[in-house]
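For the sequence shown, position 389 matches number 369 in the working numbering, and the numbering has no gaps at all.
C-beta: ideal position from N, C-alpha, C; glycine also.
Take a look at the structure below.
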Amino acid sequence: MSFPGVKMDKKLKILYCSPEVTPFSKTGGLADVSGSLPMALYEMGCDVRVITPKYSGIGNSHGKLKKISTSFCFRIGKRNEETGLNEGKLPDSNVHIYFVSNEKYFYRKGLYQEDGKDYEDNLERFSFFSMAVLQLLKGINWQPDIIHCNDWQTSLIPVYLNTLIKKDKSLADFYKNSRTIFTIHNLGYQGLFDKEKFPVTGLGLEVFDIKGLEYYGKINLLKGGIIFSDIITTVSPAYSREIQIKELGQGLDGVLRDKKDDLYGILNGVGYTEWDPSKDKHLAARYSIKSLSKKKDCKKDLQKLCNLKTEDLPLIGMVSRLDNQKGLDILIEIMDELMQLDIQLVILGTGKPEYADKLKRFAAKYSAKMSMNLFFDDALAHKIEAGADIFLIPSKYEPCGLSQLYSFRYGTVPVAHKTGGLADTITDYIPSNVENDTATG
């Protein structure tokens, strides 16, 4: 993701807040964007810094981390909290990344859930993270012009800026010139919690109303981010329109329509530093548009890795979170019919146990033709993009999607539902587009 030739007139100071950042932590596409967009902003001339939780497993494997603060205390609600701050850099860049540490909240097996179940204290965990971000910035005396928040896990940052922070003169003065951007990567994940947990946010009850975080008797963090942020963005023009209608607004269409003048759909991009088949360190053979024949070597490598015969059959790849939004129920319904064709299928992903169990059974039933990989492996994701002939994206809705953009780069044909960002990026394979040589999937 880059913007050749684009430079900022003023060197904006941007804090990019994300609950996951590749290659340090990842559950989905948010991590990829968080690892590449800040680098693109840096190339444009911004002073951009990233901040994220320091989960277990984040150490010095991607560059040495420096301790800035071993112990920093602050108060949230009725409890005192303690955090540390580490600093590193995004790989192969000069972009600083800060890690907020707290063993109680972040040293766990998963990021947001474990064994398919959300952590019971997620509200407390990300209330802590949001307030820690604001306290730590003042602690290191770095004043951002823009605080860019992403998804429900960071949505309390703009809420705090407009409530608790304003009641603290020192913090209010520090942030008086800061503005917020809130990006919705997927409206289906809203951060819903029982109202009885509201005290852990430290917010006054006046914020728990229809013009705040209240949502049919529950706490809705995403709603708070939408209401209290200066600008809202989402990840494709089509998705920004879709989420304002009742059928696709996930219950927040009215809130989004109220903020329509501040809502923008900006298409996601790809970090081509990482996703470039001519330089990809994960591939058995590197190739470009001038050497596409080497893609066959990548296909053979993927077949061997997945214990499939190295036959010249169409190989379908899929890298996906295993849930209903991604169309897994549609795929499972037609799996027996699909596997009667002369094809091979490789799937990589984690998610809901009911989908994982069904796919495992299909993989056992069709072991000569199908490989099911129930884990996340970044190297294998790259190998699938390079080795597959066809990339399957059966999503029922898709805010943007990155897989189709990777597929374009790797010479793999995406087959997808026409929705959201998929509709914005894929040019349909119909006769007129074929004649014009514009069809892409």
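Could you compute how far the alpha carbon of residue i sits from the alpha carbon of residue j?
i, j, result
"leucine 183", "glycine 119", "22 Å"
"proline 33", "phenylalanine 109", "7 Å"
"asparagine 130", "tyrosine 377", "19 Å"
"aspartate 404", "proline 394", "13 Å"
"histidine 128", "glutamine 230", "23 Å"
"isoleucine 77", "asparagine 157", "22 Å"
"aspartate 357", "phenylalanine 4", "13 Å"
"phenylalanine 208", "valine 28", "22 Å"
"glycine 245", "aspartate 238", "16 Å"
"phenylalanine -17", "alanine 20", "Caution applies to phenylalanine -17, whose pLDDT of 43 falls short of 50 and renders its modelled position unreliable; the model cannot decide the point."
"glutamine 123", "aspartate 153", "11 Å"
"asparagine 304", "lysine 147", "43 Å"
"glutamate 0", "threonine 7", "8 Å"
"tryptophan 132", "alanine 264", "39 Å"
"lysine 306", "isoleucine 373", "7 Å"
"glycine 197", "aspartate 189", "9 Å"
"phenylalanine 388", "phenylalanine 342", "29 Å"
"glutamine 170", "leucine 114", "22 Å"
"glycine -15", "glutamate 176", "Only weak support exists for where glycine -15 lies, its pLDDT of 47 falling under 50; the coordinates are left without a value."
"serine 73", "serine 412", "43 Å"
"leucine -5", "isoleucine 199", "26 Å"
"threonine 63", "serine 51", "6 Å"
"lysine 89", "arginine 301", "18 Å"
"glutamate 194", "valine 187", "8 Å"
"serine 268", "leucine 185", "58 Å"
"methionine 319", "leucine 311", "11 Å"
"leucine 354", "serine 273", "30 Å"
"arginine 316", "glutamine 384", "Reading the sequence as shown, one finds aspartate at residue 316 and not arginine. Approximately 25 Å, taken between the alpha carbons."
"lysine -7", "lysine 69", "16 Å"
"serine 258", "lysine 275", "11 Å"
Assuming residue i and residue j make a contact with CB atoms under 8 Å, what is their CB distance in whole Å?
i, j, result
"valine 299", "alanine 361", "5 Å"
"phenylalanine 106", "tyrosine 35", "Rounded, the Cβ-Cβ distance is 13 Å, inconsistent with contact."
"cysteine 286", "serine 351", "4 Å"
"isoleucine 223", "leucine 172", "That belief does not hold up - the Cβ atoms of isoleucine 223 and leucine 172 are roughly 17 Å apart, past 8 Å."
"lysine 203", "valine 235", "6 Å"
Can you look up residue i in the DSSP assignment and give me helix, strand or coil?
i, result
"threonine 405", "helix"
"histidine 165", "coil"
"arginine 389", "helix"
"glutamine 93", "strand"
"serine 51", "strand"
"isoleucine 269", "coil"
"methionine 350", "strand"
"lysine -9", "coil"
"lysine 279", "helix"
"serine -18", "Residue placement at serine -18 is flagged as unreliable, the pLDDT there being 43, under the threshold of 50; the coordinate-derived value follows with that caveat. Here serine -18 sits in coil by DSSP."
"glutamate 67", "strand"
"methionine 412", "The sequence as given places serine at residue 412; methionine does not occur at that position. In the structure shown, serine 412 sits in a helix (DSSP, three-state: H, G or I)."
"glutamine 123", "coil"
"asparagine 304", "helix"
"aspartate 309", "helix"
"phenylalanine 371", "strand"
"glutamate 104", "helix"
"phenylalanine 86", "helix"
"threonine 418", "coil"
I want to see whether chain D comes within less than 8 Å of residue i, judged by CB atoms only; does it?
i, result
"methionine 319", "The displayed structure is made up of one protein chain only, and chain D is not part of it."
At a cut-off of 7 Å, would you count residue i as near the ligand NAP, judging by its Cβ distance to the nearest heavy atom?
i, result
"asparagine 102", "Because no ligand of any kind appears in the structure shown, any question about the ligand NAP cannot be addressed here."
Which partner residues of residue i appear in the DSSP bridge assignment?
i, result
"histidine 128", "Tyr(-4) and Ile161"
"glutamine 324", "Leu295"
"glycine 331", "Leu302"
"serine 81", "Gly64"
- Can you list, in chain order, the stretches of the beta strand (DSSP E) that have 3 or more residues and sit fully within the stretch 175 to 255? 198 to 200, 211 to 214 and 243 to 245
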